[in-house]
Amino acid sequence: MKETSNTAPVAEPTVIAEFPCSQTQLRCWILDQLKPGNPALNVAVRWEIRGAFRSSTLEAAFRTVIQRHEALRTRFVEVGGRPCQQVVDQVDFRMSVIDLRNVPADQRDQRILSIGEETARAPFDLRSPYLFRVSLLMVENERGFLLITAHQSCFDGWSIRVLGREVGEIAAALDAGRQPAVPDLPLQYGDFSLWQQEYLNSYGFETEKSFWREQLTGAPYFEVIPDTPRGPVKTSRGNILSVNNPSEFSERIDAAARAHRVSLYSFGAAVVSALLHRYTGHDTVMFGSQVAGRDETDLENLIGVFINNVVLRFDMAGDISFAEHVRLATATVTAALNHHRMPFNKLVELVNPVRDPSRNPLISVNFNLQKAFLEDHQYGGFELLSAPSQSPGVIYDLSFIMIGRPSGWRMSIEYNADLFEKSTIESLLRLWQEAYEAALERPSAPLSSLVIPPREIKALRVETGPATAIELMLAAHPSVGSAVVLVEGDGKRVHAFVTPAPTITEPLDRLPDGLMEYLSRQLSQSAMPGGVSVLLNFPRDASGTIDRTALRIPAPPTILAKAVADRVEPTDVSAPVPAARTDQTKALAAIWAEVLGVPTVAPGDNFFALGGHSLLALRMLSGARSKLGAKADLELLFKQPTFGGFSTALFGEAQPSGTDLEPASANPWSVGACGRTDAPYTLYTLNHPFLYYRLATDLGDAVSVYNANMFHADLTGDLASMSLEEIAGHAVDSMGADILKGPVGVMGLCVNGVLAVEIARQLRERGADLRFTAVIDAWAPGYVKSQPRLRRLRWNSERRVKRIGYFTRKLFSGRISFIDYLREFNFTLALLKHLGLRAGTYSQEEAVNADVTDLLVNAARQYRPPSTNEKSVLLFRSEATHRRARKLLFGWGGAITADSEVFDLEGWHEDSLNSNSIQALATIVINRFRSDES
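Residue numbers for the sequence shown follow the UniProt record's numbering, beginning at 1 and rising by one.
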C-alpha cells in the first residue's frame with residue numbers, strides 16, 4: 001500500500017467575511033464544546049469511481065468546488081463570548097491518494113472498510129477552516145473509491161448531491177479543456193444565516209412556536225429500552241446493519257403509496273411507527289426526521305448545512321388497521337413538514353424537557369427515507385457511483401434508514417453499540433421487513449396482527465430502602481404532588497424526581513433548591529440525594545404505574561455545561577464602507593435591478609416596494625459584498641430602504657450625474673418604510689425603527705407602516721432648544737402630502753407616545769383623516785412627578801422588583817443570556833463598563849436611541865397637552881407600567897376622553913412589541929382603521 005498526502009499549511013488564512021452561526025451550526029458548536037471532536041458530527045460519504053480518471057484532475061475539481069462554496073472555507077471562533085462563522089479567502093486543499101492495487105484481492109475489501117472507518121471517525125477542529133477532507137483509494141487502474149468526510153457544521157445530505165455534480169462536471173471539463181457548466185451562486189451560506197436570524201424575529205416564527213408547543217408539550221420521552229443500562233453520559237460508538245431488498249420491492253411500495261395517495265416517506269413513517277408501537281407497547285411513538293430546508297431555489301445549488309430536525313408524534317391508541325394508520329400518520333407528517341422551519345435547538349428551548357446527559361433531548365429514535373444523494377452518472381471518461389458509507393458515530397439510540405438506489409431499496413439500522421447488542425438489531429431489522437410486508441399484503445388488518453416476539457431486557461437496577469423514606473419526606477412537602485427516588489449501582493448515586501402540586505405558587509426553577517434545603521433539615525449529609533429534578537408528569541406504563549425504568553439519573557453539571565447553557569445568540573454588525581467612487585454606485589444600481597427584476601432603479605425607489613423581500617435582500621447584499629467589497633448588512637437596508645439613501649449611506653458620496661438626490665433639508669426627521677407602501681391605510685411609528693418591523697409583518701397588506709425617526713439628526717444644534725410642539729411640527733412636515741391620501745394612525749412608545757399625541761393634534765389641524773393615536777407606556781407629562789413622594793417611591797420600588805422578576809424569568813427560560821441580563825440593570829451595566837467589558841458599552845444604535853430619548857424627555861417636561869378630550873387615543877400598558885395606570889388613564893385627564901380604552905400588552909416595555917401580544921395589537925390597529933369613527 002502506498003499513500004500520498006499533504007498536511008494543511010501553517011500560514012494563518014485571511015478572513016474575508018464573518019457571519020452569525022445558523023441555528024444548526026450553533027447546535028453543532030454546542031455539541032462540539034461538550035465533546036470536542038465528536039465523530040458523530042461527521043458526515044461520511046463513499047463514492048465508487050470507474051473509468052479513465054486522474055487523481056490530479058479530481059483534486060483540482062475539489063479545489064474549485066471549495067473555492068465556489070464559502071461553507072467549505074469556514075471556521076468557527078468565539079468573538080466576545082459568542083460563536084460565529086468566519087470565511088477565509090482560501091484553503092490549501094490536498095487529496096490523500098492511497099494505492100491498494102498491490103493488496104491481495106481477498107484482503108482489499110477489509111482494508112477499504114478499515115480505512116473508511118478511520119477517515120470517517122477522525123475528528124475535526126472547528127477553529128480551523130479545514131472541515132472537509134477527501135481520500136482516493138485506488139483499487140484498480142480504472143477503479144477507485146472516494147472517501148469524503150465533512151463536518152456537519154458545513155455539510156448535509158443534500159450537499160452530497162451538489163458536490164457530486166460539481167466535482168464530476170468540473171473534472172470532466174478539465175480533462176476536455178472546456179469551461180465547466182456549473183450554476184451561478186447568487187447566495188452563499190452566510191447569507192442564509194443572516195436570513196434565518198431575521199426569520200427568528202418574525203411573526204412567522206411565532207406561528208411555528210405555537211404549533212410545536214401544542215404538539216409536544218407534555219409528550220412522554222419515547223425510547224426503545226436498551227439491552228444494557230445507560231452510562232452517566234451519552235456515547236457515540238455506533239454500528240450499522242443493512243439488508244438489500246429485491247427490485248420488485250420498489251414497485252410494491254410505489255404501488256401501495258399510490259393506492260393510499262401518500263408519499264413514500266409518509267408510508268414508510270407509518271410502517272416504522274407501527275413497528276415501534278408494537279415493539280415497545282407504547283401508545284405514543286415519537287421519532288425525529290430531517291428535512292432539506294432548501295425552500296428557495298437559490299439555496300438548491302449551495303453546499304452547506306440547511307437540514308433541520310422535525311419531531312413526529314404518533315398517537316397509536318386503539319387497534320386500528322394499517323390503512324387507517326397510514327392515513328393518520330400522513331396527517332402527522334404533513335403537519336410537521338408545514339412547520340419545519342423551527343430550528344431543533346429552538347424547539348428544545350421551547351419545550352424545555354428535563355435534561356439528561358445520557359440522552360438526546362426530545363428524540364432517541366430517527367427515521368429517514370430518501371433516494372441516494374449521489375446520482376450515478378457518467379462524466380466524460382469516468383463514472384461516479386453511490387456506495388454504502390460507514391458510520392462515523394451515532395447521535396441517536398436507533399436510526400431507521402431507507403436509501404433508494406437503481407438496484408433497489410437498502411434498509412439499515414444504525415445503532416448505539418454501547419446500548420444494543422447486534423442480535424437485537426438483527427431481530428429489529430427483520431421485524432421492520434415484516435412490518436412492511438404486513439402493510440403491503442394486509443392493509444385492512446389491525447396493527448395487533450404484527451406479532452412481536454418477547455425480548456429480554458437487562459433493566460436498570462432500582463433499589464428501595466432508604467429511598468422510600470426520602471420519597472415519603474418529599475411527598476409530605478406542600479409543593480410536591482408525588483415523588484420517586486432512584487438508587488443506582490453501588491448505592492452512591494441517589495436522585496429524587498418530583499412532580500409539582502397543583503396548588504404550587506412558587507416558580508418551578510426554585511423548587512429543587514427549596515426541597516434540598518427541606519431534606520437537609522431531616523437527613524444527614526451522607527443520606528442526602530445528589531439532587532432533585534422536577535417533571536410535569538411521571539412516565540407510566542400501560543397499567544398506569546410509574547415507569548421507574550424510564551427515569552434516568554442526570555450527571556452532575558460541569559462548568560462547561562453551565563457555560564454552554566448561558567450561551568448567547570450571535571449577531572452580525574458591519575460598518576458601512578466610506579469613500580466609494582461614483583462607478584460603485586452605478587454598479588450597485590445594476591445589482592439592485594438584477595435582483596429585483598426591474599430595468600432600472602431611481603434614487604427614490606424603495607427596495608421593498610419594488611417587490612424585495614428578505615431573501616432578495618440577502619442576494620443584493622451578497623452581490624454588493626462580492627463585487628464591490630461593500631460591507632453592507634440588513635440593518636442598513638432597513639434604515640435606508642431607498643436606493644439613494646442606501647447607496648449614500650454605503651459609499652458616503654453623491655449619486656452620479658442624472659441621478660442626483662434631493663438636497664438635504666434642515667428637517668431633523670427622516671421617514672422610511674417598514675414594508676409595503678401602497679396599502680389603503682398608513683401607520684406612522686416614531687423612533688425605535690427596529691421595534692416595528694414585526695408589527696408591520698403582522699399587519700400584512702392592509703397597512704403601510706412607516707417609521708419617522710431622528711437617528712441621523714444633529715441633536716446638539718437648534719434641535720436641542722426646540723419645544724415638543726416644534727419637534728412634532730417637523731415630524732408632520734417630513735410625512736409630506738401622504739397624510740392627506742387616506743386614513744392614518746400614529747404610534748409611539750414611552751416619551752414618543754407623548755410626542756404622538758401632539759403629532760396627532762397637528763395632523764388633524766392639517767386635514768388628515770386620523771383614525772387613532774396609539775400611546776404605549778406613556779404617562780402624561782408631569783403627572784407622575786405631581787404624585788406624593790411616598791407614592792412615587794412605592795411605585796418605583798414595585799417596578800424595580802417586577803423588573804428583576806421579569807428578566808430573571810427570561811434568564812432561566814433561556815430567552816436571554818446572562819450578559820444581556822446584567823445589561824438590563826444600571827448597577828451591573830456600570831460594573832461591566834468599569835471592568836472594561838464590551839457588554840458594558842452601548843452599541844451605536846443604543847447610544848443614538850438614548851440621546852434621542854433624552855432630547856424628547858427634556859422637551860416633554862415643558863409640554864402641556866390641550867384639554868380637547870381627544871377621542872382617537874388608545875392607551876397600551878406593558879408589564880413595566882404600574883397597574884393603576886389603567887384606572888388613571890396614565891394621567892392624561894382632560895386631554896383624552898374619559899372612556900378611552902386601555903389595552904394590556906405582554907412583555908416589558910420594548911419587549912411588548914416583540915411579544916406574543918403583537919398579533920392582538922395588529923388586530924386592534926386594523927379594526928381602528930376600518931372604523932368610521934374619527
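Beta carbons are placed, not taken as given, at the ideal position from N, Cα and C, and that holds for glycine.
A direct Cα-Cα distance of roughly 20 Å separates Asn849 from Glu726. Per DSSP, Lys371 lies in no alpha helix (DSSP H) segment; the continuous beta strand (DSSP E) that holds it begins and ends at 365-371. Taking 4 residues as the shortest admissible run, the region 376-406 contains no complete alpha helix (DSSP H) segment at all. Runs of the beta strand (DSSP E) spanning 3 or more residues and lying entirely within the region 210-264 occur at 238-244, in chain order. Pairing Asn352 with Val305, the inter-Cα distance amounts to about 24 Å. Note: Cys84 is bridge-paired with Pro20, Val77 in the DSSP secondary-structure output.
Beta-bridge annotation (DSSP): Ser878 is not paired with any residue. As computed with DSSP, Ala496 is found in a beta bridge with Val485, Val532. By the criterion of at least three beta-carbon pairs nearer than 8 Å, the region 57-67 is in contact with the region 154-173. The Cβ atoms of Val162 and Leu312 do not sit closer than 9 Å to each other.
Approximately 39 Å separates the beta-carbon atoms of Tyr379 and Asp397; this is outside 8 Å, ruling out the contact. Counting along the chain, Arg294 sits inside no beta strand (DSSP E), nor does DSSP assign it H or E at all. Per DSSP, reduced to three states, the secondary structure at Leu905 is coil, with no helix or strand assignment. Put simply, of Pro104, Ile759, Gly190 the residue whose alpha carbon is nearest the alpha carbon of Glu70 is Gly190.
Spatial neighbours of Tyr692 in its own chain (CB-CB distance under 8 Å, excluding positions within 5 residues in sequence) are listed in chain order as Cys674, Thr685, Val705, Asn707, Met747, Leu913. Residue nearest to Ser622 within the set Thr14, Pro13, Phe19, Arg327 is Phe19 (criterion: CA-CA distance). Considering only Leu519, Val784, Val333, the residue with the shortest C-alpha distance to Gly288 is Val333.
For Phe651, the enclosing alpha helix (DSSP H) has its first and last residue at 643-651. Of Ser526, Val139, Pro453, the smallest CA-CA separation from Ile98 is found for Val139.
Closest in C-alpha terms to Ile776, from the list Phe420, Leu650, Glu906, comes Glu906.
Contact between Thr149 and Ala44 holds: their C-beta atoms lie close to 5 Å from each other, under 8 Å.
Proximity to Asp547 across Leu596, Pro512, Val485, Ala527 peaks at Val485, based on C-alpha coordinates. Listed in chain order, the non-local C-beta contacts of Gln390 below 8 Å within the same chain comprise Ala44, Arg46, Leu113, Gly116, Glu117, Ala120, Ile240, local neighbours out to five positions each way being set aside. For Ile896, same chain residues with a beta-carbon under 6 Å away, outside a window of 5 residues either side, are Glu870, Val873 in chain order. Rounded to whole angstroms, Leu724 and Leu34 show a C-alpha spacing of 55 Å. Within its own chain, the residues whose Cβ lies closer than 8 Å to the Cβ of Leu515, once the five positions on either side in sequence are excluded, are Leu474, His477, Ser479, Val480, Ala496, Val498, Val532, listed in chain order.
DSSP, read as helix, strand or coil, puts Phe155 in coil. For the set Pro220, Glu324, Ala920, Gly231, the Cα lying nearest the Cα of Thr284 is the one of Pro220. Note that the C-beta distance between Leu749 and His712 is not below 9 Å. Residue nearest to Glu12 within the set Leu264, Val87, Phe145, Glu798 is Val87 (criterion: CA-CA distance). Counting only the Cα atoms, Glu142 lies some 44 Å from Phe344. The continuous stretches of beta strand (DSSP E) do not include Ser786, and DSSP gives it neither H nor E. By the Cβ rule, the region 420-435 counts as touching the region 269-281, because three or more pairs are nearer than 8 Å.
Counted as a single uninterrupted DSSP element, the stretch harbouring Thr330 is not any beta strand (DSSP E) but the alpha helix (DSSP H) occupying residues 322-337. In this structure, the CA atom of Phe607 is about 14 Å from the CA atom of Thr648. Where Arg771 is concerned, the enclosing beta strand (DSSP E) starts and stops at 770-776.
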